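Going by this note's numbering, the first residue of the sequence shown is number 1, and it counts up by one from there.
Below is one structure, written out as structure tokens; comments come after it.
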Amino acid sequence: MAESHTSVLVVGGGPVGLALSCLLSGQGVDHVLAEARPAPSPHPKARGVSARSMEIFRRIGLEEAVRAAGLPPEQVSFYRGRDLVDPDYVRTGPAREPGEGPEHTPSPGLVCSQDVLEPLLLRRARELAAPRVRFGTRLVSFTDDGLGVRAVLEERAGGRRYRLRADWLVGCDGAASTVRAGAGIAMEGPTGLGRYLSVRFEAPLGRVVADRVSASYFLTVPGRGGFLAVDNDRHWIYQYPLGANQEAAADVGAAADVADHRFLAGLVRTAAGVPDLDVTVRDTMTWRMDARLAGSYRSSRVLLAGDAAHVVPPTGGHGMNTGIGDVDNLAWKLAAVTAGHAGEALLDTYEAERRPLARQVIDISTANAANRTGYRIDDALLLTAAYRSAAVLPHPQDPDRPGALDPAGHHPACSPGRRLPHVRLTGGPADVTSTLDLVGPGFTLLTADADPRWQPQAEAVRRAGIPLALRSVRTAARRETVPGQWARLLGADRADTALLVRPDGHIAWRGTFPADPRTLPALVRRVLAAP
């Protein structure tokens with residue numbers, strides 16, 4: 001078999017793997033993405049796209065397309081009733097928290113079903129790296145010799161096999177990850193918290209819910225499940241609980257039969273409360289609710305991301321979004337290591353930063369699943385991420401925080417480890433309307449004013465071959481929308497205070513102008529674990 005080489009092999013072409021491909025392309029990293037399926041999933045699995053994910057999509061040039069494909073904001077609500085025609089229904093307003101408003105992000109979250117999102121990500125990934133994104137290609141096996149990975153791939157059409165040598169392998173191949181199993185990484189945590197049948201169907205329900213349109217329709221009859229809107233017109237998902245909840249099936253005279261589309265259409269009609277509804281069942285998917293976390297995110301040259309690293313209950317909408325955050329954290333680190341700017345120890349900070357966050361997300365989502373009175377969708381949660389690792393240089397005046405996330409709410413701060421706060425900017429370039437837009441594919445040294453004393457420091461970093469941009473808030477835009485907002489967030493009395501921002505938008509260091517011109521290069525090398 002012929003053998004070729006790439007820097008990174010990504011296995012799995014769902015939202016997480018495709019996002020990683022886009023991010024690696026943005027970093028200029030040679031890579032191959034292999035996905036066993038011939039095409040994206042037709043089933044709307046995940047639906048909620050958080051503000052943090054939308055900020056990442058903004059960076060890869062996909063925000064507008066995803067927003068255009070999602071549900072309108074006024075439809076993002078919770079409905080509760082016995083069925084879809086219950087006169088005593090309750091509609092609990094926008095399911096979004098006010099903390100995700102324009103004051104905290106330029107890119108509010110939305111509902112966009114995975115069957116719509118995946119093709120958008122695939123199109124963008126192919127625009128950036130077309131011949132390297134290979135659907136219909138499965139991973140047969142791999143070996144890791146500590147210096148790289150040798151993989152055997154097989155093309156679905158024709159069965160041709162070939163070898164690919166990669167410096168790094170990233171498993172984005174889901175809960176039943178072949179990569180994770182091959183690396184010998186165990187999962188921990190409970191399984192079987194619930195079993196569900198998802199029925200993808202078409203029916204003219206838009207006219208039925210026209211006066212109560214929502215994103216999710218929870219039915220209050222025990223065991224009845226609920227409806228998820230794909231377009232709030234003809235395309236829908238019916239979620240039906242299996243296992244112990246067979247009482248609902250008895251309503252239509254038999255236990256659930258996932259192969260009998262006539263039976264399933266009857267379930268949909270009963271749940272909707274519309275006996276003569278014209279229902280066409282397209283396909284079904286059974287799934288199990290688990291709450292599991294990989295014991296490690298890295299084994300030698302193999303890394304895990306998304307569901308391969310953590311299986312999150314869907315109650316809260318954080319699973320896919322946590323995976324997209326994983327690869328945003330990982331892509332720039334792989335870029336720095338493969339370019340020779342960073343030591344391999346930088347990749348250990350991936351697990352140090354992302355695994356505690358996933359543990360907390362799993363705990364929150366599991367608690368939501370057990371809450372029978374309902375739970376809130378907190379799209380601001382992932383904006384609160386605070387990393388602690390060797391890739392973050394703490395400021396002595398910043399308070400410590402017990403967890404990676406703050407469920408109490410999003411309170412922007414210019415603290416190392418935190419995401420750079422959003423401040424809306426006006427009067428500058430059309431593509432710079434937020435402080436987040438000042439962050440590029442390399443490091444960014446962000447100052448309030450264009451202090452020329454920082455220039456020699458920045459040039460010293462660039463002479464070492466490390467990409468770094470020197471940006472000023474006030475020269476990028478004539479003014480802040482809210483005057484003085486940046487100074488208040490920075491919380492510093494000195495005008496020479498600056499932030500060193502990583503390519504993922506998280507702050508690596510905060511400090512004042514150093515007299516020694518070697519200071520900034522030394523700080524950047526520390527963050528990168530460079531020799």
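Just so you know, even glycine gets a beta-carbon here, dropped at the ideal spot from N, CA and C.
Quick caveat: nothing in here was measured; it's all calculated off a predicted structure.
Could you tell me if residue i is buried or exposed, where buried requires 16 or more neighbouring beta carbons within 10 angstroms of its beta carbon?
| i | result |
| --- | --- |
| L490 | buried |
| N329 | buried |
| S177 | buried |
| H235 | buried |
| N368 | buried |
| L528 | buried |
| V213 | buried |
| N371 | exposed |
| T512 | exposed |
| E351 | buried |
| E74 | exposed |
| D211 | exposed |
| G192 | exposed |
| G159 | exposed |
| P125 | First, the amino acid is wrong: residue 125 is Ala here, not Pro. Looking at its Cβ environment, which holds 16 or more other Cβ atoms inside 10 Å, A125 is buried. |
| T143 | exposed |
| Q246 | Note that Q246 scores 43 on pLDDT, short of 50, meaning its location in the model is unreliable; the coordinates nonetheless yield the value given after this. Q246 comes out exposed. |
| A508 | buried |
| Q485 | buried |
| Q114 | buried |
| E344 | exposed |
| Q455 | exposed |
| G61 | exposed |
| E127 | exposed |
| G505 | buried |
What does a CB cutoff of less than 6 Å around residue i pick up in its chain, not counting 5 residues either side in sequence?
| i | result |
| --- | --- |
| V361 | V312, H318, T322 |
| P441 | G26, Q27, P503 |
| V32 | T6, L9, R132 |
| C533 | Any answer about residue 533 is impossible in this case: the structure gives the chain only from 1 up to 531. |
| A36 | R138 |
| V90 | R80 |
For the alpha helix (DSSP H) holding residue i, just list the boundary residues, first then last.
| i | result |
| --- | --- |
| H261 | 261-272 |
| L334 | 319-338 |
| P356 | 348-370 |
| L20 | 15-26 |
| G182 | 178-183 |
| A186 | Counting along the chain, A186 falls outside any alpha helix (DSSP H), and DSSP gives it neither H nor E. |
| F57 | 51-59 |
| V66 | 63-69 |
Tell me which residues share the same chain as residue i and place their Cβ nearer than 8 Å to its Cβ, disregarding the 5 neighbours each side in the sequence.
| i | result |
| --- | --- |
| G148 | R165, A166, D167, W168, R301 |
| V16 | C172, A305, G306, D307, M320, G323, I324, D326, V327 |
| T481 | V423, R424, L425, T426 |
| E202 | R234, H235, W236, V279, T280, R282 |
| A250 | With a pLDDT of 39 at A250, under the threshold of 50, the predicted position of this residue should be treated as unreliable, and no value is reported. |
| T286 | R195, Y196, L197, S198, L242, V258 |
| A51 | E100, H104, T105, S107, P108, G109, D379, A380, L382, L383 |
| G189 | D290, A291, R292, L293, V311, I362 |
Starting from residue i, trace the beta strand (DSSP E) both ways and give me its first and last residue.
| i | result |
| --- | --- |
| E154 | 149-155 |
| R525 | Note, R525: premise wrong, no beta strand (DSSP E); alpha helix (DSSP H) at 519-528. |
| Q239 | 235-241 |
| A487 | Where A487 is concerned, there is no enclosing beta strand (DSSP E), although the alpha helix (DSSP H) it sits in stretches over 485-490. |
| R292 | 292-294 |
| Y162 | 161-171 |
| G225 | Taken as a continuous stretch (DSSP letters only), G225 belongs to no beta strand (DSSP E), as it is neither H nor E. |
| E74 | Looking at the DSSP string, E74 is not in any beta strand (DSSP E), and its letter there is neither H nor E. |
| E202 | 194-202 |
| E344 | Where E344 is concerned, there is no enclosing beta strand (DSSP E), given that its DSSP letter is neither H nor E. |
| L470 | 468-472 |
| S214 | Looking at the DSSP string, S214 is not in any beta strand (DSSP E), and its letter there is neither H nor E. |
| A508 | 507-511 |
Quick one: what's got a C-beta closer than 7 Å to residue i's C-beta in the same chain, skipping five residues either side?
| i | result |
| --- | --- |
| A495 | A448, D449 |
| H104 | A380, L383, H410, P412, H422 |
| R150 | F142, T143, R163, R165 |
| P38 | F135, G136, R156 |
| P531 | G343 |
| A464 | P521 |
| A265 | V279, V281 |
Using a C-beta cutoff of 8 Å, does residue i count as contacting chain B?
| i | result |
| --- | --- |
| Q360 | No chain B appears in the structure shown, which is made up of a single protein chain. |
Between residue i and the ligand MN, is the CB less than 7 Å from at least one heavy atom?
| i | result |
| --- | --- |
| G319 | Among the components of this structure there are no ligands whatsoever, and the ligand MN is therefore not found. |
Since residue i contacts residue j with CB under 8 Å, what's their CB separation in whole angstroms?
| i | j | result |
| --- | --- | --- |
| V268 | V208 | The pair is not a contact, with the Cβ atoms about 12 Å apart (cut-off 8 Å). |
| L420 | A385 | With 8 Å as the limit, L420 and A385 do not qualify as a contact, their Cβ atoms being about 12 Å apart. |
| V461 | P521 | 5 Å |
- Can you check the segment 409-454 for any alpha helix (DSSP H) of at least 4 residues that lies completely inside it and give the ranges in chain order? none
- Return the chain-ordered ranges of every beta strand (DSSP E) run that is complete within the segment 106-141 and spans a minimum of 3 residues. 133-135
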